[in-house]
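Enquirer: The numbers in the sequence shown follow my numbering, run straight up by one, and end at 329. We put the beta carbon where it would ideally sit given N, CA and C, even for glycine.
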Amino acid sequence: MKRRILLQSLAMAVVFPLIPACFRAQVIGEASSPITPLNKPHEAWRGLVSPKAYKILFEEETERPESSNLVYEDREGTFICAACYLPLFESSAKYESNTGWPSFTQPIAGHIATKLDFKMIKPRTEYHCVRCGGHQGHVFNDGPPPRGERWCNNGTALKFVPKDEQLPTLRS
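(1) Fully enclosed by the segment 278-314, which alpha helix (DSSP H) runs are 4 residues long or longer?
(2) Are there 16 or more other CB atoms within 10 angstroms of the CB of K320, so buried, or fewer, so exposed?
(3) For N310 and H295, I'd like the C-alpha separation in whole angstroms.
(4) Exposed or buried, K251, counting other C-beta atoms within 10 Å across all chains shown (16 or more means buried)?
(5) Comparing alpha-carbon positions, which option in C241, H285, F275, S260 lies nearest L205?
(6) What is the rounded straight-line gap between the Cα of P222 and the Cα of L324?
(7) Measure the Cβ-Cβ separation of T235 and V287 and say whether it is below 7 Å.
(8) Could you compute how far the alpha carbon of G186 sits from the alpha carbon of A270?
(9) Give the DSSP bridge partners of T235, in chain order.
(10) Quick one: using the 10 Å Cβ neighbour count with 16 as the cut-off for buried, is A201 buried or exposed?
(11) Quickly, what does DSSP pair Y252 with across the bridge? List them, please.
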């Protein structure tokens with residue numbers, strides 16, 4: 158009988174810290190944004206983006222490292238959401254993280270929403286385009302000073318617009 162109580166106690170010690178995460182709100186960042194969400198069903202984006210981009214943006218898959226040319230993009234310009242064209246990152250925030258994915262020190266304020274992701278068991282911060290909800294990547298605390306953040310993005314989830322070109326009209 159004592160062995161059963163001991164085993165139950167150990168099981169609860171493992172599970173107990175995870176219980177609050179099950180009840181808290183999924184969104185953990187950018188609580189107030191000037192951008193109005195589209196509330197467009199994910200399926201409606203299927204014909205507007207490539208099949209690979211759809212899987213990443215709306216099925217939350219991850220591309221292989223080094224599979225996007227945007228890893229090496231070093232021109233001045235803006236990185237926009239591949240689905241709705243909302244600007245997400247300025248090129249001045251991009252840096253080489255040697256991870257194989259485009260990495261940024263910070264997003265454009267109010268254009269990203271974050272939530273907890275438990276797919277790898279240990280919680281991570283996942284981020285999405287605040288307008289269309291398209292999955293972009295994860296943010297980690299191993300970036301350069303002063304913020305110490307690495308916004309690790311799927312290149313297929315982005316498009317690059319050089320500084321001398323006009324940003325495209327937002328999709329709806």
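Expert: From the atom records:
(1) Qualifying alpha helix (DSSP H) stretches: none in this window.
(2) When all chains shown are included, K320 counts as exposed.
(3) One C-alpha to the other measures close to 7 Å.
(4) With 16 or more Cβ atoms within 10 Å of its Cβ, K251 is classed as buried.
(5) Comparing Cα positions, the closest option is C241.
(6) Rounded to whole angstroms, P222 and L324 show a C-alpha spacing of 27 Å.
(7) Contact: no.
(8) Because the pLDDT of G186 is 47, which lies under 50, any placement of that residue in the model is unreliable, and the question is left without a value.
(9) As DSSP reads the structure, T235 sits in a beta bridge with E247, V318.
(10) Classification for A201: exposed.
(11) BP columns for Y252 point to S260.
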